[in-house]
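J.:
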Amino acid sequence: MPLTYIDIEKQKTWRIGIFFLILLIMYFLATTALIQGIFLLFPVYFMKTGSIFLFVNPFYLLGIFGFSLIIAAIHFWFSAADAVQTVMNNLEAIPPDPEDGIHRRLKNIVDEIHVVTGYEKKIHCMVIPTLSMNAIAVADLKGNAAIAITEGLLSRLTRSQTEAVVAHEAYHILSGDCMETTVATSLFGMYAAMLDKLQDLGEEDKRGLHPAFLFFWILVKFSQILSMLISREREYRADAASVRMTRNPLAMAEALHLIGRNWRGAGLIGSGLEMLCIINPQKNELDEYEGFWSNLMSTHPPIKKRIEILLNMVHVSMADMDRRLNSESKTPVFSTGMYKQYYALDQKNQWQGPYTAEELFTLSWLLPMTWIKSDKETGVERASENPLFGLMFKNQINKSKREPSAFQCPLCRQPLIEIPYERTKVYQCIFCRGTLVEDTRIPRIIVRKEKECAERIKLLARAIIADNQKKFTIKKLKGKDVIARALTLCPKCKNPMLRTFYSLAYLIEIDHCKICNITWFEADELEMLQCVIENKITAQFDLLKEDVLI
Numbered sequence: 001m002p003l004t005y006i007d008i009e010k011q012k013t014w015r016i017g018i019f020f021l022i023l024l025i026m027y028f029l030a031t032t033a034l035i036q037g038i039f040l041l042f043p044v045y046f047m048k049t050g051s052i053f054l055f056v057n058p059f060y061l062l063g064i065f066g067f068s069l070i071i072a073a074i075h076f077w078f079s080a081a082d083a084v085q086t087v088m089n090n091l092e093a094i095p096p097d098p099e100d101g102i103h104r105r106l107k108n109i110v111d112e113i114h115v116v117t118g119y120e121k122k123i124h125c126m127v128i129p130t131l132s133m134n135a136i137a138v139a140d141l142k143g144n145a146a147i148a149i150t151e152g153l154l155s156r157l158t159r160s161q162t163e164a165v166v167a168h169e170a171y172h173i174l175s176g177d178c179m180e181t182t183v184a185t186s187l188f189g190m191y192a193a194m195l196d197k198l199q200d201l202g203e204e205d206k207r208g209l210h211p212a213f214l215f216f217w218i219l220v221k222f223s224q225i226l227s228m229l230i231s232r233e234r235e236y237r238a239d240a241a242s243v244r245m246t247r248n249p250l251a252m253a254e255a256l257h258l259i260g261r262n263w264r265g266a267g268l269i270g271s272g273l274e275m276l277c278i279i280n281p282q283k284n285e286l287d288e289y290e291g292f293w294s295n296l297m298s299t300h301p302p303i304k305k306r307i308e309i310l311l312n313m314v315h316v317s318m319a320d321m322d323r324r325l326n327s328e329s330k331t332p333v334f335s336t337g338m339y340k341q342y343y344a345l346d347q348k349n350q351w352q353g354p355y356t357a358e359e360l361f362t363l364s365w366l367l368p369m370t371w372i373k374s375d376k377e378t379g380v381e382r383a384s385e386n387p388l389f390g391l392m393f394k395n396q397i398n399k400s401k402r403e404p405s406a407f408q409c410p411l412c413r414q415p416l417i418e419i420p421y422e423r424t425k426v427y428q429c430i431f432c433r434g435t436l437v438e439d440t441r442i443p444r445i446i447v448r449k450e451k452e453c454a455e456r457i458k459l460l461a462r463a464i465i466a467d468n469q470k471k472f473t474i475k476k477l478k479g480k481d482v483i484a485r486a487l488t489l490c491p492k493c494k495n496p497m498l499r500t501f502y503s504l505a506y507l508i509e510i511d512h513c514k515i516c517n518i519t520w521f522e523a524d525e526l527e528m529l530q531c532v533i534e535n536k537i538t539a540q541f542d543l544l545k546e547d548v549l550i
């Protein structure tokens, strides 16, 4: 799954404060009306205390406000703190069955997204046992987050379409807008779902007399007020983020089209939960129009427009997409080969595998320049050239908590990280450990002795010096290089760098750019140079014994 790393900033959560304020106002007005009603029912008794109207005595209002604040805080916390579990229970969602192939595919996709985005908290995946087609993302104040997909949608989509849907829902969680919708749903929307179930218990003529029905009906109206604060533009952003993650706008368009033309869960997914869904389960005319009123009252933009935006990215018409979908099986048959498995070429030039994407990325020897291939494709490519792994590497750079520089590693093609070294500035690749140093800084590094020379570096330096002395002697005697090697491109000007020795006295190979006056040291070369100079290491070998004469 070619996911991308998204540099997402948390959405402002000021709306959550507005939600609490609305809740507080609701309780304040309700409590005030209730107490004022009691005062009016017993005017003679309360006239003795001063007045039958509450607003005359500010202490009454202050007491009501304090009481409302406590009740609102209790309501807010118990509704929103554990909202993920509440919503999942309402939908009767269950964890994926590890023995079910399609459920395993969902779990693999969620795990891959979790890895490449670097989201620190666990995103749980759930399955809603219904034939309807929809997907939901929830997050609560305790930091829990979950993506739930209906069985109908999960079983009818291909892997690429499922990836697009999961990426869409993951963006809601990662960006923070899911928290807003979940809080709004938990405060009032959950009661709309309860109201739907309550209506099924009685006859049509008795529903209006049910006290619980009246209470839930009021809360549903407040839910509709809160929905005005939920921007329908967030769905456009999530669609765009899904494309950035999967690099497959067509899969996202196809998924939306399949959901839109099938049963979305109306009657099963409560009317108060529509804000959490990828498409509104209820068929609402406002969802298919644009304009002030639709933007104000609808939480989802028109499906047709969402699909058209995605199709325009790949220059495919709606008719072409329909023909493509109709030519495919309506219910794809799952096999263990449906998701990609990868092979990687190790240091001994042996293919290792198969691995899932997550397993391959955990290999200690996997580098951006490692050759990999997929069981679904015939060609081979560098790991960094694969969209999925390339973005995993970028995410790993972000985890280093250092700002990437403008220079790229000439070997790994990944941004170098600025680090302090011997109290000066150098640029290092976190993968191959190569180091880029400005020429003026090299003498400072060499003369400073804050970094001790490890025994491993000493032994390696002696072996390298001896080997380089031998190669240098052969070159002088035979007039040619022993081993031809492609020139490394300068990370700054992109011109070929000169592969040479630091000096004839210290035979440590470096790559030097005379245009930019910078030097590239491959892994351990800078430390070896320090060690050789500090410990005066020189090569000692017999030319005749080494058989280098012509």
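The opening position of the sequence shown corresponds to residue 1 in my numbering, with each subsequent residue numbered one higher.
All C-beta atoms in this analysis are idealised placements derived from N, C-alpha and C, irrespective of residue type, glycine included.
(1) Sorted by chain position, which residues of the same chain lie with C-beta nearer than 6 Å to Val87's C-beta, five sequence neighbours on each side aside?
(2) By the DSSP assignment, the beta strand (DSSP E) with Arg306 in it spans what residues?
(3) Please classify Ile136 as buried or exposed, where buried requires at least 16 neighbouring CB atoms within 10 angstroms.
(4) What would DSSP say about Ala240, mapped onto helix, strand or coil?
(5) Would you tell me roughly how many angstroms separate the C-alpha atoms of Val482 and Asn517, rounded to the nearest one?
(6) Count the other CB atoms within 10 Å of the CB of Ile25; is the residue buried (16 or more) or exposed (fewer)?
(7) Between the stretch 247-263 and the stretch 159-166, do three or more beta carbon pairs fall short of 8 Å?
(8) Report back the beta-carbon spacing between Asn262 and Met133 to the nearest angstrom; my notes put them in contact at under 8 Å.
(9) How many Å lie between Lys399 and Tyr119 at the Cα?
(10) In the stretch 435-464, which residue ranges form an unbroken beta strand (DSSP E) of at least 3 residues, counting only runs that do not cross its ends?
(11) I need the DSSP call for Asn500, collapsed to helix, strand or coil.
(12) What first and last residue would you give for the alpha helix (DSSP H) that runs through Ser68?
(13) Which same chain residues, not among the five before or five after Ile149, have their C-beta less than 6 Å away from its C-beta?
(14) Does DSSP put Phe20 in a helix, a strand or coil?
(15) Where do the ends of the alpha helix (DSSP H) carrying Ile109 lie?
(16) Classify Asp511 as helix, strand or coil using the three-state DSSP reduction.
(17) Determine the DSSP secondary structure at Lys122, reduced to helix, strand or coil.
(18) Can you list, in chain order, the residues of its chain whose CB lies under 6 Å from that of Cys277, leaving out five sequence neighbours each side?
(19) On the DSSP bridge list, what partners appear for Val380?
(20) I need the DSSP call for Ser155, collapsed to helix, strand or coil.
(21) Nearest CA to the CA of Val127: which residue from Leu416, Gly379, Ile147?
(22) Output the boundary residues of the alpha helix (DSSP H) element that contains Ile419.
(23) Mind checking which residues open and close the alpha helix (DSSP H) that includes Gln530?
(24) Just checking my contact of Ile457 with Cys531 at CB under 8 Å: how many whole Å lie between their CB atoms?
(25) Grab me the residues of Glu452's own chain with a C-beta within less than 6 Å of its C-beta, minus the 5 sequence neighbours each way, in chain order.
(26) Which one of Pro415, Glu534, Lys376, Leu416 has the shortest CA to CA distance from Ala454?
(27) Rounded to whole angstroms, what's the CA-CA distance from Gly143 to Ile419? Just pull it up for me.
(28) Using 8 Å for Cβ pairs, my map puts Arg232 next to His300. What's the rounded Cβ distance?
(29) Hey, how far is the Cα of Val84 from the Cα of Asp140?
(30) Using the C-alpha atoms, what's the distance from Gly270 back to Leu366?
T.: Based on what the coordinates show:
(1) Val138
(2) That residue, Arg306, is in no beta strand (DSSP E); its alpha helix (DSSP H) goes 303-314.
(3) buried
(4) Helix, per DSSP.
(5) Residue placement at Val482 is poorly supported in this model, since its pLDDT is 48, which falls under 50; the coordinates still yield a value, given next. Each residue's Cα considered, the two are about 27 Å apart.
(6) Classification of Ile25: exposed, given that the 10 Å Cβ count is below 16.
(7) yes
(8) 5 Å
(9) 10 Å
(10) 435-438
(11) Before going on, a small fix: residue 500 reads as Thr here, not Asn. In the structure shown, Thr500 sits in a strand (DSSP, three-state: E or B).
(12) 58-80
(13) Within the same chain, Ile149 has close Cβ partners Ala135.
(14) helix
(15) 101-117
(16) Correct three-state label for Asp511: strand.
(17) Of the three classes helix, strand and coil, the one that applies to Lys122 here is coil, per DSSP.
(18) Asn134, Ile136
(19) Lys373
(20) helix
(21) Ile147
(22) Unbroken run through Ile419 is the beta strand (DSSP E), 415-421; no alpha helix (DSSP H).
(23) 525-535
(24) Rounded to whole angstroms, the Cβ separation of Ile457 and Cys531 is 5 Å, and the two are in contact under 8 Å.
(25) Residues of the same chain with a CB within less than 6 Å of the CB of Glu452, apart from the 5 flanking positions on each side, do not exist.
(26) Glu534
(27) 33 Å
(28) 6 Å
(29) Approximately 6 Å, taken between the alpha carbons.
(30) 47 Å
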